[in-house]
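Trainee: Let me begin by handing over the structure; questions about it come next.
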Amino acid sequence: MLLQARPFPDLASSLASAPGANPAVADSALDCGHPGSREEAIWCSGVPPDSVHELPAIRLALDRMAALGEICRLLAATISEMLRRRNLHLFDRAEYPAAAAAAPLGGGIRSYLLLSREMVLAYPDAAHQSANVDSRGTPRPETLQQVLAHEADHVRGLDHIDPDGYLTPNTHQCSDIR
Ligand SMILES: [Zn+2]
Numbered sequence: 067m068l069l070q071a072r073p074f075p076d077l078a079s080s081l082a083s084a085p086g087a088n089p090a091v092a093d094s095a096l097d098c099g100h101p102g103s104r105e106e107a108i109w110c111s112g113v114p115p116d117s118v119h120e121l122p123a124i125r126l127a128l129d130r131m132a133a134l135g136e137i138c139r140l141l142a143a144t145i146s147e148m149l150r151r152r153n154l155h156l157f158d159r160a161e162y163p164a165a166a167a168a169a170p171l172g173g174g175i176r177s178y179l180l181l182s183r184e185m186v187l188a189y190p191d192a193a194h195q196s197a198n199v200d201s202r203g204t205p206r207p208e209t210l211q212q213v214l215a216h217e218a219d220h221v222r223g224l225d226h227i228d229p230d231g232y233l234t235p236n237t238h239q240c241s242d243i244r
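Each residue of the sequence shown is one higher than the last, beginning at 67 in my numbering.
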C-alpha cells in the first residue's frame, strides 16, 4: 500500500476555516518574456483548457478525485484553484514528448501546471487508460485523474516515491486506476 502521507494538517485546517482559499496556489508570476526553463517556455506558449471539451473533462476528473475525500479532496481543490487562476495550460505532445504533465515542486508564485492535451482528450478516465510503460517495460498506465493527482502533490511540495517518477505519495489513491 502506498504511503498514507498527511503532510499538510495546517493547510487542511486553514482550508476548513476559509473555503475556497488555497495557500499552496498563487497567481503565477512567470516572466514569459524571459522563461527560466523549457517547461516555463512551453507553459508560456500554451493556453488554458477550452470550455467545450477540455475543461469539462478536467472538471469530471476533479469531481471524481474530490469524491474520494480526505487528501484527494484537497488535491482536487488545489487543481481547481490553479484552473481558476488560469495557471493550468495545455500543450500538444509534439512540443514536450517526455511527460504527460509537469509542475514545479512546492508551488508558490512561479507555480504553473503543464498538462498534455492528449491526456485530457484521449485518456480522460479509467476506461481510457494510456498504454504507458516504464524503462523496464512494466505497465504504468496513466489517466487524466491520476496525472492531476500526481501534479497536485508536486504543487503541494511532495516529490516522487519511486525511481521512475511514476508515483507521488497520493498519485495512486487519488487516481481512478484500481
Ligand atoms: Zn512527477
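For glycine and all other residues, C-beta sits at the position ideal for the given N, C-alpha and C.
Tell me whether Pro-115 sits in a helix, a strand or coil according to DSSP, three-state version.
Mentor: As a position in the sequence shown, residue 115 is number 49, starting the count at 1. Pro-115 falls in the coil class under three-state DSSP.
Trainee: On the DSSP letters alone, give me the boundaries of the beta strand (DSSP E) that Leu-128 sits inside.
Mentor: On the sequence shown, residue 128 is found 62 positions in, with the first residue counted as 1. Looking at the DSSP string, Leu-128 is not in any beta strand (DSSP E); the run it does join, the alpha helix (DSSP H), is 120-133.
Trainee: Go through its chain and collect everything with a Cβ distance to Thr-237's Cβ below 7 Å, but skip five positions before and after it.
Mentor: Taking the first residue of the sequence shown as 1, we reach residue 237 at position 171. Same-chain partners within the cutoff: Gln-212, Ala-215, His-216 and Asp-219.
Trainee: Quick one: grab the DSSP three-state call for Arg-244.
Mentor: Indexing the sequence shown from 1 puts residue 244 at position 178. Three-state result, Arg-244: coil.
Trainee: Would the beta-carbon of Ala-169 fall within 8 Å of that of Leu-156?
Mentor: Your numbering for residue 169 matches position 103 in the sequence shown. Your numbering for residue 156 matches position 90 in the sequence shown. No; because the gap between Cβ atoms is not below 8 Å, this pair is not in contact.
Trainee: Quick check on the burial criterion: 16 or more other C-beta atoms within 10 angstroms. Buried or exposed for Gly-173?
Mentor: Counting from one through the sequence shown, the residue named residue 173 turns up at place 107. Result: buried.
Trainee: Hey, would you say Met-185 sits closer than 8 Å to Ala-166, going by beta carbons?
Mentor: As a first step, residue 185 is located in the sequence shown; it is residue number 119 there, counting from the start. As a first step, residue 166 is located in the sequence shown; it is residue number 100 there, counting from the start. Yes, they are a contact pair.
Trainee: Rounding to the nearest angstrom, what Cα-Cα distance links His-194 and Ile-243 in this structure?
Mentor: Within the sequence shown, residue 194 is the residue found at index 128, counting from 1. Within the sequence shown, residue 243 is the residue found at index 177, counting from 1. Approximately 10 Å, taken between the alpha carbons.
Trainee: Quick check on the burial criterion: 16 or more other C-beta atoms within 10 angstroms. Buried or exposed for Cys-138?
Mentor: Residue mapping note: residue 138 aligns to position 72 of the sequence shown, counting from 1. So Cys-138 counts as buried.
Trainee: Roughly how many angstroms separate the alpha carbons of Ala-192 and Leu-126, rounded to a whole number?
Mentor: For the purposes of this step, residue 192 is taken as the residue at position 126 of the sequence shown. For the purposes of this step, residue 126 is taken as the residue at position 60 of the sequence shown. Ala-192 and Leu-126: Cα-Cα distance of roughly 12 Å.
Trainee: In whole angstroms, what is the alpha-carbon distance linking Ala-132 and Ser-146?
Mentor: Here residue 132 is taken as the residue at index 66 of the sequence shown, counted from 1. Here residue 146 is taken as the residue at index 80 of the sequence shown, counted from 1. If you take the alpha carbons of Ala-132 and Ser-146, they lie about 10 Å apart.
Trainee: Taking DSSP as the reference, what is the three-state secondary structure of Ser-182?
Mentor: Along the sequence shown, one-based indexing puts residue 182 at 116. Strand, per DSSP.
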